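Okay, so here's the structure we're looking at.
Protein chains: 2
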Amino acid sequence: MPASDPSPSSSSRSPAASDGPPYSGLLEVDESVVDDIATLLTEQQRGMVLNLVADLYPADVALLLRRLPDAEAGRLFRWLPPEMGADVLAEMEDAVRAALLDDLRPDTLIDLIDALDTDDAADVLADLPDRVALEVLPDLEDAADLTELLEYGEETAGGIMAREYVALAPDQTLQEATEAVRRSAADVDDVYTAYVVDEAGTLLGTLSLKQLLLSAGAVKVRDVMDADFISVAPRVDQEEVGRVVQRYDLVSVPVVNDTGRMMGRITIDDVVDVIRDEAEEDMQLMSGLTGEEETVDSAVQVSRGRLPWLIVGLVGSGLSGTVIGAFEATLQQAVVLATFIPVVTAMGGNAAVQSAAIAVQGLGAGELWLSDAFKRIGKEMLVALLNGIVVAGLLCGTVALLGMGDVTMLVATLSLTMLSVSLVATTNGALIPFLLTWLGVDPASAMGPFVTTLNDIMGLAIYFLIATALYL
Amino acid sequence: MPASDPSPSSSSRSPAASDGPPYSGLLEVDESVVDDIATLLTEQQRGMVLNLVADLYPADVALLLRRLPDAEAGRLFRWLPPEMGADVLAEMEDAVRAALLDDLRPDTLIDLIDALDTDDAADVLADLPDRVALEVLPDLEDAADLTELLEYGEETAGGIMAREYVALAPDQTLQEATEAVRRSAADVDDVYTAYVVDEAGTLLGTLSLKQLLLSAGAVKVRDVMDADFISVAPRVDQEEVGRVVQRYDLVSVPVVNDTGRMMGRITIDDVVDVIRDEAEEDMQLMSGLTGEEETVDSAVQVSRGRLPWLIVGLVGSGLSGTVIGAFEATLQQAVVLATFIPVVTAMGGNAAVQSAAIAVQGLGAGELWLSDAFKRIGKEMLVALLNGIVVAGLLCGTVALLGMGDVTMLVATLSLTMLSVSLVATTNGALIPFLLTWLGVDPASAMGPFVTTLNDIMGLAIYFLIATALYL
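Note that the protein sequences, when read in sequence, are chains V and G. Note that the working numbering has the first sequence beginning at 8, numbered continuously upward. Note that the working numbering has the second sequence beginning at 8, numbered continuously upward.
Rendered as structure tokens:
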């Protein structure tokens, strides 16, 4: 019964739905689990709740807290053992987290944050009210590291890196290196690679655990390390980090400043989140949202976020309207022309979005370069011509069959219009992403309401100019 | 000079552009590099070409092959040392790969495929013409494994898993385990975790290299392994695998069939590609593309892929037109009404897409459940009311200021229309993704031309019904 499936879209699509659960090793948090735990919480059944929750992964506890009524969520969070509380904190969305941390005493807050890796700790601090953040910061274990991390933009390599990593010296033997890994194991999670740094903190090379495991103990780190490694600069946009990690199949990437100093490392799990976030942001830009709307936002927040684009749309469509208004005489002459207004705008809108989408993706993935603009647009115009002919043919065929209005005039007007609109709109769609990229703007906005409106205006102008020329 | 920047969008946005390259350890493949190598290739400068290419990562060589003229690309690929050729093959898009493999002799092809991991080998085979695939398959090292992999859908866990993994026995000591890892190191890349299986091949637990490194050699695998691990079923949709890996921060996930047998493992680098692909597919669905258009496709391929949606759009907008046509009498009465057709459709389209986007993302991320439908839609209607009032206010204000047509009538018509359109469209936008999900269809299609058109029709009907009621 899909109603209680937390991820219905794909599992209902995938055959897995029919033959057993899609994955094992997990207690699935669904409607009924949430309800049961809610009841136990109101009944103050601490023991039973903690037993149930003990089987859950932090991400699922975070989901649980998101679904529970505020009072129950607060209680559960206070009941969680500190270690788990911290892990869960790292998995929560900002909005939910803020609500839970609001009514915590500073010292509890400090214990929680101290239990986090510096990258997560920095996120939590960044989301706290400045007053609170400034109050707790000095008393935190990693106060110095955190102050440094907070100086980087939240969406840069420096903003998503963690300060914890396993450091080795180039002249250590692998035996000693193994010892070093053992010692740091406690406070560094998911170690796949150790970083070889000199006294000055300059990154000399990387050494994978596999390599460490494979070579003899007497060998020197310097002799087995990988000296030509990929690193990113602290101020690089996180989207760029995602692209590098994906392109070169990395599991973690060191962050190195321009003097070659090792600043920290970014692990794949954070990169995966970045890729997902950036994709969601693009989709929102395409849809005329601010790119930050969350499902938990209040109606007023949502309304405020959406209004700007609705108003842009209003102004733009107002202009389209003015175009129509300017041709009232022509319309009086043949009201039938109004019937085709949606056809003209639909053709323009769809053709433009299609060619824009593919350009946006190509540019985003680095498959298309700015220098490809002309080749690309040439190709799109060819496509536009082909599609324009087919669509115009279908449309005019229908008009002729139905014998609408003054058929010959109408067919002449529409065929000319559809062909030109297809050409203009498709070219716009392909051109604008290159333009935006060149200007340093996210090309995904090329598919937002703004461009659609632009195409409506041009399409209608073309339509009525042709019509007027033929009819009057 | 952005023209030669392979990833301009983000690097031109990020401050990095100003202070040095965004990342180091890479020779950036740009326009000039491509041109130089192209020249050397035409001049048959084998030595110099291979020297240059030796510094490139496989992904960059793949990009290079993609940018080179076919003749030069073919030559470079034939010149590559077999090992590198295979690595590059694994990084290529299907279209490019097919072209290059076309003119290879079967035995060369076999050497190349044998050098690949089974997951990549299976992809390559799947893309080969059946005739060729069947010809080479029997002579491949992993023929048996590959035949099994090819039985799974390309977009399922079984389709993206590799058969290679490090297997340990529960009663081995860690000393012996380390030996086992050393032995398998040659043919298993990126090892982060070893898998503990019994004689029957049942997966009992997992052991991370870190754990292996940290514990004493005399300890038994059974005593340190992680016995409660997450695994996925072979037939699970790859999108679901991506969700699990992201949600639980995994670097690799074992694929286990319903009898508990270990089938293979999926590594994070493949999951990252899946997440990116699924995001691109969603964006294409939203834009009225088939979800498979590649930047390298020919104009005719592209045209064929886009026409279906353009025709859907044509039919849909034709219906919108019919709606307008049905009210010709009203239009004759007040041609000014035509001026507001774009305003009405824009409001409907934008409002719907906004509410659809957020629902699609929530459902995709598992933040929204089917059971949330009513709560969600209620909230959206509240948003629609707020935005409807503001937009209607602005529009009517303008109309009054400009004193267009019969102001009072027009204001009455437009305010009523904008409010109802906002409500109807927003509700549609939020409702349809839930509906599609419940039907097991990818909700992203909720933002394609189909739904936009539906909203146009409803919006125009509302508009002219109200107008007719008031004007006639």
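The beta-carbon is built from N, C-alpha and C at its ideal position, and this holds for glycine as well. All figures in this text were calculated on a predicted structure; none of them were measured in a lab.
_Beta-carbon gap between leucine 344(V) and methionine 388(V) smaller than 8 angstroms_ = no
*In whole angstroms, what is the alpha-carbon distance linking leucine 377(G) and asparagine 357(V)?*
Each residue's alpha carbon lies about 30 angstroms from the other.
*Collapsed DSSP secondary structure at proline 261(G) in the structure displayed*: strand
*Could you confirm whether any beta carbon from chain G is found closer than 8 angstroms to the beta carbon of isoleucine 117(V)?*
no
_Three Cβ pairs or more, each shorter than 8 angstroms: is that satisfied between the segment 224-236 of chain V and the segment 282-292 of chain V?_
no
*Can you check DSSP and say which residues form a bridge with leucine 175(V)?*
Assignment of beta-bridge partners to leucine 175(V) by DSSP yields Val203(V).
*Spell out the partners DSSP gives threonine 180(G) in its beta bridges.*
Lys227(G)
*What are the residues of the segment 35-64 of chain G that lie near chain V, defined by any Cβ-Cβ distance shorter than 9 angstroms?*
Asp37, Glu38, Asp62, Tyr64
*Same chain, Cβ closer than 8 angstroms to alanine 184(G), neighbours up to 5 away in sequence not counted*: Leu175, Ala201, Leu214, Leu219, Val228
_Residue span of the beta strand (DSSP E) that contains serine 215(V), given as start and end_ = 210-215
_Within 8 angstroms of any Cβ in chain G, is that where the Cβ of serine 422(V) sits?_
no
*Name the residues in the segment 353-374 of chain G whose C-beta lies less than 9 angstroms from a C-beta of chain V; which are they?*
Ala353, Met354, Gly356, Asn357, Ala358, Val360, Gln361, Ser362, Ala363, Ala364, Ile365, Ala366, Val367, Gln368, Gly369, Leu370, Gly371, Ala372, Gly373, Glu374
_So, at 7 angstroms on beta carbons, what are the nonlocal neighbours of leucine 438(V) in its own chain, with the 5 sequence-adjacent residues on each side left out?_
Ile384
*By the criterion of Cβ-Cβ separation under 9 angstroms, what are the contact partners of glutamine 179(V) in chain G?*
Within chain G, no residue comes near glutamine 179(V); the closest Cβ sits about 15 angstroms away, beyond 9 angstroms.
*Quick one: what's arginine 268(G) bridged to in DSSP?*
Thr209(G)
_Using the three-state DSSP reduction, which class does isoleucine 384(G) fall into: helix, strand or coil?_
helix
*What number of angstroms, rounded off, separates the C-alpha of valine 139(V) from the C-alpha of threonine 424(G)?*
48 angstroms
*Quick one: which chain G residues come within Cβ less than 7 angstroms of asparagine 462(V)?*
Per Cβ cutoff of 7 angstroms: no residues; asparagine 462(V) is ~11 angstroms from chain G at best.
_Pick from Ser427(V), Ile273(V), Ala372(V), Val303(V) that is closest to leucine 156(V), judged by C-alpha positions_ = Ile273(V)
*Residues in the segment 317-349 of chain V with C-beta within 8 angstroms of chain G's C-beta atoms, listed in sequence order?*
Leu317, Ile318, Gly320, Leu321, Gly323, Ser324, Gly325, Ser327, Gly328, Thr329, Ile331, Gly332, Glu335, Leu338, Gln339, Val342, Val343, Ala345, Thr346, Phe347, Ile348, Pro349
_Just to make sure I have the definition right: I need the residues of chain V whose C-beta is within less than 7 angstroms of the C-beta of leucine 402(G). Which are they?_
Leu321
_Between glutamine 182(G) and chain V, is the shortest Cβ-Cβ distance under 8 angstroms, so that the two count as touching?_
no
*asked:* Just to confirm the assignment, what range does the alpha helix (DSSP H) spanning phenylalanine 441(V) have?
replied: It spans 414-446 - the alpha helix (DSSP H) in which phenylalanine 441(V) sits, taken as one unbroken run.
*What whole-angstrom Cβ distance do serine 456(V) and glycine 295(V) have, given they're in contact under 8 angstroms?*
Looking at the sequence shown, residue 456(V) is not serine but proline. Between glycine 295(V) and proline 456(V) the Cβ distance is about 4 angstroms, and since that is below 8 angstroms, they are a contact.
*Cβ contact (3+ pairs, closer than 8 angstroms) linking the segment 319-326 of chain V and the segment 391-404 of chain V*: no
*Where glycine 426(V) and glycine 166(V) are concerned, what is the direct C-alpha to C-alpha distance, given to the nearest angstrom?*
The sequence given here places leucine at residue 426(V); glycine does not occur at that position. Distance between the alpha carbons of leucine 426(V) and glycine 166(V) is about 49 angstroms.
*Given a threshold of 16 other Cβ atoms within 10 Å of its Cβ, counted over all protein chains shown, does arginine 53(V) qualify as buried or as exposed?*
exposed
_Nonlocal neighbours in the same chain, by C-beta distance under 8 angstroms from leucine 72(V), ignoring five residues either side_ = By the criterion of a C-beta distance shorter than 8 angstroms, leucine 72(V) is surrounded in its chain by Ala80, Leu83, Phe84, Val95, Met99, Val103, Leu107, once the five residues flanking it on both sides are discounted.
*Along chain V, in chain order, which residues have C-beta atoms closer than 9 angstroms to that of methionine 454(G)?*
Simply Met290, Met293, Ser294.
*Of all the options Leu375(V), Leu221(V), Gly325(V), Met465(V), which has the alpha carbon lying nearest to the alpha carbon of valine 406(G)?*
With distances taken between CA atoms, valine 406(G) lies nearest to Gly325(V) out of Leu375(V), Leu221(V), Gly325(V), Met465(V).
*Note down, one range per segment and in chain order, each alpha helix (DSSP H) of at least 4 residues found wholly within the segment 23-101 of chain G.*
38-49, 53-61, 65-74, 77-86, 89-98
*Is the CB of leucine 393(G) under 8 angstroms away from at least one CB in chain V?*
yes
*asked:* Give me the chain V residues within the contact set of isoleucine 275(G), using Cβ-Cβ distance strictly less than 8 angstroms, ordered along the chain.
replied: Val258, Ile275, Val279
*What are the boundary residues of the alpha helix (DSSP H) that valine 303(V) is part of?*
Neither: valine 303(V) is in no alpha helix (DSSP H) and is coded neither H nor E.
_Buried versus exposed, by CB contacts within 10 Å (16 or more), valine 68(V)_ = buried
*Pull up the distance between the alpha-carbon of valine 281(G) and that of alanine 61(G), whole angstroms please.*
Valine 281(G) and alanine 61(G) have their C-alpha atoms roughly 28 angstroms apart.
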